[in-house]
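Presented below is the structure to which this report refers.
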Amino acid sequence: MNRDQIIIRTSRIGILTNIILCIFKAIIGLITNSIAIVLDAVNNFSDALSSLITIVGTKLSTRAPDKKHPFGYGRVEYITSTVIAIIILYAGFTSFLESIKKILNPVIPEYTNTSLFILVVAVIVKVLIGTYFKKVGKSVNSDSLINSGQDALMDSLLSMATIVAAIIFLLTKVSTEAYLGLIISFIILKSGFDMLNHTMSQILGERVDASLSKEVKETINSMDGVYGAYDLVLNDYGPDRLLGSIHIEVPANMTAEKIDALTREITATVNEKHKVILSAIGIYALNTTDHDAIDIETEIRKYVNAQPHVEQCHGFYVDRPNKTIHFDMIIDFDTPNRQAIYERILNDLKKKYPDYTFSVILDTDFSD
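The sequence shown stops at residue 1344 when you use the numbering used here, and every number in between is there.
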């Protein structure tokens, strides 16, 4: 069973379970005049709707690439996650309004042993469903399933709070229903905002996972002929769909034929080991035979790397016949004025090597 089939099967289980819980809770809530239980039922309905949207999004995301969308439709899953977040926000806002109404116009609940028993069963079911969804979601890298699982676990806590309110009422005859509904509303709204923020961040484009970027670079650096791997840029076109580019350092005297064979090997190996498609591999020529050039490079590296806020310098090439020095420099994103630091370092190098022309790029820290 592939990833999409697993997500769809799990979502179907969620739809069936939440519809059953929604019906039972709605009946109990109406019979007992419990606003908290009714809102809990509404929350179950929104969960079922979320699972349905997950199924639709998963099926749309599997569409084959075409001329208009050559990278496929994987990002549809992020759009469906956004829709789910909006539904949760709507449910939270509706719950908030209903709770305010009940606070202003209170209704005395009427609990029964049967209603409490069903609520206890609902808590147990939600814990099992939530745990199952999160486990499956992590195994197939599905944010929609993970979010649904977290939402289900939160629902179990809310249902438990409803049971506590019922016990308080039975013991003291003090109704806390409407106020509990208000608390539930805020929790639902927070969940919706957190989910929306996470999905929007993915759509905007997040930094590639540090462990993945390090593993990819380690794989490339382990290959014969590669002296360094830098500037890894990965674009996310949906879960498990990463496409990007990287720069590698190779000896300046390596032939085009050998470079071609090396880059093909890198592309195939990275795709096989990490499921990452490298659409482009840039080449940095490295001084390996000119010892005077190597000495200059060593001195410059030592100086630049010692400067505050400088994270890395790479892509060195000293062209002694033409008196030019090339390299890229990465300065920390959090530095107040990266350009000022870049210019200071460059001016210091020009003073130290007045006979050379410098071509230094202020590079971007795309990945670890």
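By construction, the Cβ of each residue, glycine as well, lies at the ideal position given by its N, Cα and C atoms.
Could you name the residues of the same chain whose beta carbon sits closer than 7 Å to that of residue 1191, not counting the 5 residues immediately before and after it, in chain order? The residues are 1250.
Three-state class that DSSP yields for residue 1288 in the structure shown: Three-state result, residue 1288: strand.
What whole-angstrom Cβ distance do residue 1010 and residue 1085 have, given they're in contact under 8 Å? Contact holds; Cβ gap of about 5 Å.
Can you grab the Cα-Cα spacing for the pair residue 1213 / residue 1070, in whole Å? Put simply, the backbone Cα of residue 1213 is about 34 Å away from that of residue 1070.
Out of 1300, 1272, 1259, 1314, which has the shortest C-alpha to C-alpha gap to residue 1283? Selected option, being the one with the closest Cα: 1314.
Beta strand (DSSP E) containing residue 1303: first to last residue? Per DSSP, residue 1303 belongs to the beta strand (DSSP E) from 1300 to 1307.
Could you name the residues of the same chain whose beta carbon sits closer than 6 Å to that of residue 1008, not counting the 5 residues immediately before and after it, in chain order? Result list for residue 1008: 1085, 1086, 1087, 1091, in chain order.
Among the residues of its own chain, which have a CB less than 6 Å from the CB of residue 1210, if the five just before and after it don't count? Apart from sequence neighbours up to five positions away, the residues of its chain that approach residue 1210 with a beta-carbon distance below 6 Å are 1184, 1218, 1220, ordered along the chain.
Leaving out five residues on either side along the sequence, give the residues of the same chain with a beta carbon under 7 Å from the beta carbon of residue 1017. For residue 1017, where only same-chain residues beyond five positions count, the Cβ hits under 7 Å are 998, 1001, 1002, 1005.
For residue 1227, write down the residues that DSSP places opposite it in a beta bridge. Partner residues in the beta bridge of residue 1227, as assigned by DSSP, are 1262.
For residue 1242, three-class secondary structure by DSSP: Per DSSP, reduced to three states, the secondary structure at residue 1242 is helical.
4-residue-minimum alpha helix (DSSP H) runs that sit fully inside the stretch 1181 to 1205, ordered along the chain: Taken in chain order, the complete alpha helix (DSSP H) segments of 4 or more residues contained in the stretch 1181 to 1205 are 1186 to 1197.
Assign residue 1128 to one of three DSSP states: helix, strand, or coil. Reduced to three states, the DSSP call for residue 1128 is helix.
Using only alpha-carbon positions, find the residue among 982, 1111, 1227, 1164 that is nearest to residue 1020. When only C-alpha atoms are compared, the closest one is 1164.
Residue from 1178, 1174, 1238, 1065 whose Cα sits closest to the Cα of residue 1203: Considering only alpha carbons, the answer is 1238.
Between the C-alpha atoms of residue 1031 and residue 991, what's the straight-line distance to the nearest angstrom? Residue 1031 and residue 991 have their C-alpha atoms spaced approximately 10 Å apart.
Are residue 1226 and residue 1235 closer than 8 Å when you measure CB to CB? For the 8 Å CB-CB criterion, residue 1226 and residue 1235 form a contact.
Can you tell me which of the three DSSP states residue 1177 falls into? Three-state result, residue 1177: helix.
Residue of 1271, 1122, 1097 minimising C-alpha distance to residue 1133: Relative to the Cα of residue 1133, the nearest Cα in the group 1271, 1122, 1097 belongs to 1097.
Apart from the five residues on each side of it in sequence, which residues of its chain come closer than 6 Å, Cβ to Cβ, to residue 1243? Result list for residue 1243: 1254, in chain order.
Where does residue 1342 fall in DSSP's three states? The answer is coil: DSSP assigns residue 1342 none of H, G, I, E or B.
Am I right that residue 1208 and residue 1222 are in contact with their C-beta atoms under 8 Å? What's the rounded C-beta distance? The pair is a contact, with the Cβ atoms about 5 Å apart (cut-off 8 Å).
Considering only the beta carbon of each residue, do residue 1063 and residue 1026 sit closer than 8 Å? The beta carbons of residue 1063 and residue 1026 sit closer together than 8 Å.
Going along the chain, which residues of its own chain have a beta-carbon closer than 8 Å to the beta-carbon of residue 1258, five neighbours each way excluded? Around residue 1258: 1207, 1221, 1222, 1223, 1224.
Are there 16 or more other CB atoms within 10 angstroms of the CB of residue 1181, so buried, or fewer, so exposed? Exposed is the label assigned to residue 1181, since fewer than 16 other Cβ atoms lie within 10 Å of its Cβ.
Jot down the residue ranges of each uninterrupted alpha helix (DSSP H) in the stretch 1085 to 1147, minimum 4 residues, whole runs only, in chain order. The stretch 1085 to 1147 contains these whole alpha helix (DSSP H) runs: 1089 to 1116.
What does DSSP give as the partner residue(s) for residue 1027 in the beta ladder? Beta-bridge analysis with DSSP links residue 1027 to no other residue.
Classify residue 1214 as helix, strand or coil using the three-state DSSP reduction. Residue state, collapsed to three classes: coil.
Paired residues, beta bridge with residue 1336 - DSSP: Looking at the DSSP output, residue 1336 shares a beta bridge with 1303.
Looking only at C-alpha atoms, which of 1121, 1077, 1113, 1129 sits nearest to residue 1099? Comparing alpha carbon positions, the residue from 1121, 1077, 1113, 1129 closest to residue 1099 is 1129.
Enumerate in chain order the residues of its own chain whose CB-to-CB distance from residue 1094 is below 8 Å, with the five nearest sequence positions on each side excluded. Only 1000, 1001, 1004 meet the Cβ criterion.
Could you tell me the alpha carbon to alpha carbon distance between residue 1248 and residue 1311, rounded to whole angstroms? The alpha-carbon atoms of residue 1248 and residue 1311 are separated by roughly 37 Å.
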